[in-house]
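To keep things clear, I will list the structure first and then write my remarks on it.
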Amino acid sequence: RPDSDRGTQTWNGPGIQLAAVNGRQLVVVQKERTVVYFELDASDNWDERGTKTFADEVKCLDVLPLLPTADGKEELSPFVALAFINKTLSICSIAHGFRE
Numbered sequence: 051r052p053d054s055d056r057g058t059q060t061w062n063g064p065g066i067q068l069a070a071v072n073g074r075q076l077v078v079v080q081k082e083r084t085v086v087y088f089e090l091d092a093s094d095n096w097d098e099r100g101t102k103t104f105a106d107e108v109k110c111l112d113v114l115p116l117l118p119t120a121d122g123k124e125e126l127s128p129f130v131a132l133a134f135i136n137k138t139l140s141i142c143s144i145a146h147g148f149r150e
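Residue numbers (the working numbering): 51 to 150.
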């Protein structure tokens, strides 16, 4: 989330190939099969919340936009969509982190 007051935070994960982001969540694919999930914390730093490695190569991914709540705040997306080289699609829960 760009903001000239905060600068840029860099993560040097190995073999980054794909990424998807909304206002508070980031999902990265590295080395074709490993998916890493981050959330923006209260200090506006990206906090790694989990990693999962899949049997097949991930070809594309998407994380839903933040969801509005009744009180005007925003709720984190509970899912990430992953499409694989074998032409299958998985909708994975990231509601409580992303674990093997």
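In this text, a Cβ means the ideal position worked out from N, Cα and C, and glycines have one as well.
Between the beta-carbon of Gly73 and the beta-carbon of Tyr87, is there less than 8 Å? no
Limits of the beta strand (DSSP E) - the one that Trp61 falls within: Segment: none, Trp61 is in no beta strand (DSSP E) and carries neither H nor E.
Anticipated Cβ contact below 8 Å, Leu126 with Glu89, distance rounded: 7 Å
Could you tell me if Gln59 is buried or exposed, where buried requires 16 or more neighbouring beta carbons within 10 angstroms of its beta carbon? exposed
CA-to-CA distance, Thr119 to Lys109, given in whole angstroms: 32 Å
Name, in chain order, the residues that DSSP records as bridge partners for Leu90. Trp96
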